[in-house]
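*Asks:*
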Amino acid sequence: MERAVVRRRRLAALAVVGLAALGAGVAVGASSGGGGRPDATERTASERAAPATQLPGGGRRLFPDRRVVAFYGNPRDPELGALGIGTPAHAARRLLAQARPYDRRTRHVLPALELISTVATAAPGPSGLYRDRMSAAMIDRYLAAARRVHALLVLDIQPGRGQFGPEIERLARWLREPDVGLALDPEWHVGPGQLPGKVIGSTDADVVNAAAGYLSRIVRERALPEKLLLVHRFTDGMITRDERLRPSPGVATVVNVDGFGSTVVKVAKYHAFIRRTPTLGRGFKLFYKEDVRTMAPGAVMALSPRPDVVVYE
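If you use the working numbering, the sequence shown corresponds to residues 92 to 404, in order.
So, in structure tokens, the structure goes:
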């Protein structure tokens, strides 16, 4: 299925979503870091100073110790992804079954629920920003479901005509938790006069670096385990100036290659994009509906190098 057709179909689903967005805040402060794999010296010093707060399942480091397998979506409509099908508890149980084949004795799986916490919409809404913020009650339900199965909660942002910074700051109370990560969805970040779903959006490397720096400060100030930052990408222009992306202490930044289609095309995009960001983590996204044939876990694990994160939509 053509990407444009899928965007239109999802936009039609978003047209029925009730809008309850609030006004925008200030941008996330600039940072000197960008995300990825802090060196061993940084990790060792951090772990000596930190209390025993750990990731779900134990440990304080994500990669290369663990491999994250996630469901992506939102309960407002099944078209928004696998996570939104059924109750949070039901989605979590399905995720555990899907993640099991990726588990290895040398690298255990860490399941994750990637909830779209800000959804791009077809209508401008009260804010005029073409985005809908999910309620605190909804986010809390998914965090509770994640904790019951020892999973991460990853809060995904589709900002519409808004900016990532205010949306990240809105999520601060959850991002201060040791088992909550962040995802940026540049496809759904559009400029003035543009409509989400009608054009493919983008973000700049400095925005990603600022988000990673914000998370890094939270990790440092609260002595938290390593945090996950996902950045979705399926075109060259989706992250502009990607040569400026850089690692940030305490944050595992992953470029999640989320193009769909045939296996040949998906694998080619994966290799092309991970070569562009060699200092960052590697992500690979699978689509139950849009992929020509959803790759089996064995085929995903045959990729070289293997992904650090596997996301199902």
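C-beta atoms are modelled at their ideal positions from N, C-alpha and C, and glycine is treated no differently.
Note that the structure is a prediction, hence the values are computed from the model and not measured.
Can you name, in chain order, every residue of its own chain whose Cβ lies under 8 Å from the Cβ of glycine 114, other than the five neighbours on each side?
*Replies:* With a pLDDT of only 34 at glycine 114, under 50, the local geometry of the prediction cannot be trusted, and the value read off the model is given with reservation. Once the five neighbours on either side are set aside, the close Cβ partners of glycine 114 are Ser218.
*Asks:* Helix, strand or coil for isoleucine 291, going by three-state DSSP, please let me know.
*Replies:* Three-state result, isoleucine 291: coil.
*Asks:* Just the C-alpha distance for proline 398 and tyrosine 379, rounded to the nearest angstrom, thanks.
*Replies:* Whole-angstrom Cα-Cα distance: 18 Å.
*Asks:* Using 8 Å as the cut-off, can you tell me whether the stretch 314-321 makes contact with the stretch 278-288, which would need three or more C-beta pairs spanning the two stretches below that distance?
*Replies:* Too few Cβ pairs lie closer than 8 Å, so no.
*Asks:* Whole angstroms is fine: what's the gap from alanine 161's alpha carbon to aspartate 270's?
*Replies:* Each residue's alpha carbon lies about 14 Å from the other.
*Asks:* Excluding sequence positions up to five away, which residues of its chain have a Cβ less than 8 Å from the Cβ of valine 240?
*Replies:* Excluding positions up to five away in sequence, the list reads Ala183, Arg184, Leu186, Leu187, Pro202.
*Asks:* Mind checking which residues open and close the beta strand (DSSP E) that includes lysine 357?
*Replies:* Run containing lysine 357: none in the beta strand (DSSP E); it sits in the alpha helix (DSSP H), 354-367.
*Asks:* If you measure between the beta carbons of threonine 209 and tyrosine 221, is that distance less than 8 Å?
*Replies:* No.
*Asks:* For the alpha helix (DSSP H) that contains glycine 304, what are its first and last residues?
*Replies:* Looking at the DSSP string, the run of the alpha helix (DSSP H) that includes glycine 304 is 296-313.
*Asks:* Give me whichever residues DSSP pairs with arginine 158 in a beta bridge.
*Replies:* Beta-bridge pairing links arginine 158 to Val200.
*Asks:* Under a three-way DSSP split, which group does aspartate 333 fall into?
*Replies:* In the structure shown, aspartate 333 sits in a helix (DSSP, three-state: H, G or I).
*Asks:* What first and last residue would you give for the alpha helix (DSSP H) that runs through tyrosine 379?
*Replies:* Here tyrosine 379 belongs to no alpha helix (DSSP H), and DSSP marks it neither H nor E.
*Asks:* Measure the C-alpha to C-alpha separation of glutamate 192 and alanine 390 and round it to an integer number of angstroms.
*Replies:* It is proline, not glutamate, that sits at residue 192 in the sequence shown. Going from the Cα of proline 192 to the Cα of alanine 390 covers about 11 Å.
*Asks:* Nearest to leucine 171 by CA position, among Arg232, Asp276, Ile309, is which residue?
*Replies:* The shortest Cα separation from leucine 171 among Arg232, Asp276, Ile309 belongs to Asp276.
*Asks:* Among residues of its own chain, excluding the 5 on either side of threonine 368, which ones have a beta-carbon nearer than 7 Å to its beta-carbon?
*Replies:* Excluding positions up to five away in sequence, the list reads Asp333, Leu336, Val346.
*Asks:* Along the chain, where does the alpha helix (DSSP H) that runs through valine 391 open and close?
*Replies:* Per DSSP, valine 391 belongs to the alpha helix (DSSP H) from 388-392.
*Asks:* Could you tell me which residues DSSP pairs with leucine 244 in its beta bridges?
*Replies:* Per DSSP, Leu204, Val271.
*Asks:* Would you mind working out which of His199, Leu262, Asn300, Val402 sits nearest proline 155, comparing C-alpha positions?
*Replies:* Among His199, Leu262, Asn300, Val402, the Cα nearest to that of proline 155 belongs to His199.
*Asks:* Does the separation of the CB atoms of threonine 370 and isoleucine 330 fall below 8 Å?
*Replies:* Against a cut-off of 8 Å, the Cβ pair of isoleucine 330 and threonine 370 comes out as no contact.
*Asks:* Once DSSP output is grouped into helix, strand and coil, what is the label at arginine 373?
*Replies:* Strand.
*Asks:* How many angstroms separate the CA atom of isoleucine 259 from the CA atom of alanine 302?
*Replies:* For isoleucine 259 and alanine 302, the distance between alpha carbons rounds to 8 Å.
*Asks:* Label glycine 328 either buried or exposed according to how many other C-beta atoms from any shown protein chain fall within 10 Å of its C-beta, with 16 as the threshold for buried.
*Replies:* Classification for glycine 328: exposed.
*Asks:* Please check the pair serine 307 and valine 342, which I expect to be a contact at CB under 8 Å, by giving their CB distance rounded to whole angstroms.
*Replies:* Contact flag correct, Cβ pair sits at about 5 Å.
*Asks:* Out of Met229, Asp194, Ala296, Gly149, which one is the CA nearest neighbour of proline 179?
*Replies:* Closest option to proline 179, Cα to Cα, is Met229.
*Asks:* What residue range is occupied by the uninterrupted alpha helix (DSSP H) comprising tyrosine 233?
*Replies:* 227-239 is the extent of the alpha helix (DSSP H) around tyrosine 233.
*Asks:* With DSSP as the reference, please indicate the residues paired to alanine 343 in a beta bridge.
*Replies:* DSSP lists Leu319 as partners of alanine 343.
*Asks:* Could you check whether tyrosine 163 and tyrosine 403 sit closer than 8 Å to each other, using their CB atoms as the reference points?
*Replies:* The answer is yes: Cβ separation under 8 Å.
*Asks:* Given a threshold of 16 other Cβ atoms within 10 Å of its Cβ, counted over all protein chains shown, does histidine 280 qualify as buried or as exposed?
*Replies:* Buried: at least 16 other Cβ atoms inside 10 Å.
*Asks:* Would leucine 204 pass as a contact of asparagine 165 if the rule is Cβ separation under 8 Å?
*Replies:* No, they are not a contact pair.
*Asks:* Residues in its own chain within less than 6 Å of leucine 387 by CB, not counting five upstream and five downstream?
*Replies:* Note that residue 387 corresponds to alanine in the displayed sequence, not to leucine. So the list is empty, once near-sequence residues are dropped.
*Asks:* Give the straight-line distance between the Cα atoms of histidine 323 and arginine 157, rounded to the nearest whole angstrom.
*Replies:* The straight-line gap from Cα to Cα measures roughly 20 Å.
*Asks:* Helix, strand or coil: which one does DSSP assign to aspartate 349?
*Replies:* Note: aspartate 349 maps to coil in three-state DSSP.
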